[in-house]
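Colleague:
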Amino acid sequence: MGREPITSKYIEVRESEIHGTGVFAKTKVPKDKKVIEYIGEKITKKESARRSIALIEKNRGSETDGAVYIFEVNKRHDIDGNIPENTARFINHSCDPNCEPDVIKNRVWLISTRKIKKGEELSYNYGFDLDDYEEHECRCGAKECVGYITAEDNWPKLKKRLAKKKKKAKKSKKKAAKKPAKAKKEPTKKGKK
Ligand SMILES: C[S@@+](CC[C@H](N)C(=O)[O-])C[C@H]1O[C@@H](n2cnc3c(N)ncnc32)[C@H](O)[C@@H]1O
Ligand SMILES: [Zn+2]
């Protein structure tokens, strides 16, 4: 039989406006607190790579995409948080997060990076790379949302790519507008002189 989902005095789980199910602050949370542990199955790096590739393949092009739940704990092991007991797997991504994962004595915790108000949704930056960024649109709703789920270090590169894309789209729109519409064939006035 499986264990009960783990919880903490700080959290509750409910529907999120960002995506599906989310995790919310049940009370005020001070900065630098261990909000909830991210638990999972301890696996070797080799198994971790195998699972990541299998999951990416399985989710390619799917709307219910890319939920990779694997975290690095040390040089030899990762944990796969894709187990029902791991309540923290419901924490959504945000471009303006209030938590960050940290490994403390080989255990992964979500730590508050600022004071969190009661009722606020908990979030962290998933830290995805830029490969296939278009498959991970972000709906975090933050004022500073960059539009896609990716690590903050990638933001300058992402912004450049998006600007380039926008420019290209504008150019091809302009080109299409300039093209003369196909001339209609005038009916030939046969027989009239
Ligand atoms: C680990 S799950 C998070 C829990 C999820 N809300 C659920 O109900 O299962 C990760 C998935 O949630 C979705 N997600 C999380 N944060 C998101 C965001 N900011 N914008 C859009 N989708 C998000 C993506 O589909 C992502 O692959
Ligand atoms: Zn965002």
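If you're matching positions, the sequence shown starts at -16 in our numbering and goes up one per residue. C-beta: ideal position from N, C-alpha, C; glycine also. Bear in mind the structure is a predicted one, so any value in this text is a computation, not a measurement.
Comparing C-alpha positions only, which one of TYR107, ASN42 and PHE111 sits nearest to ASN75?
Modeller: Taking only the C-alpha atoms, the option nearest ASN75 is TYR107.
Colleague: Would you call the region 30 to 38 in contact with the region -11 to 7, where contact means no fewer than 3 C-beta pairs closer than 8 Å?
Modeller: Judged by Cβ distances under 8 Å, the region 30 to 38 makes no contact with the region -11 to 7, as fewer than three pairs qualify.
Colleague: Take GLY174 and list the residues in its own chain whose beta-carbon comes closer than 6 Å to its own, dropping the five residues that flank it on each side.
Modeller: Residue confidence is low: GLY174 scores 47 on pLDDT, short of 50, so the model does not pin down where it sits. No coordinate-derived value is stated.
Colleague: Pop quiz: GLU55 and ASP61 are said to be a contact at Cβ under 8 Å. What is the actual Cβ separation, rounded to whole angstroms?
Modeller: With a Cβ gap of about 5 Å, GLU55 and ASP61 count as contacting.
Colleague: Is it right to say SER77 is buried, meaning 16 or more other beta carbons lie within 10 angstroms of its own, or is it exposed?
Modeller: By the 10 Å Cβ count, SER77 comes out buried.
Colleague: Enumerated in chain order, which unbroken segments of the beta strand (DSSP E) with a length of 3 residues or greater are wholly contained in the region 30 to 91?
Modeller: If we require 3 residues or more, the beta strand (DSSP E) runs fully inside the region 30 to 91 come out as 53 to 55, 60 to 63 and 82 to 87.
Colleague: Compare the C-alpha of ASN81 against each of TRP138, ILE99, ASN57 and ILE19 and name the closest.
Modeller: It is ILE99.
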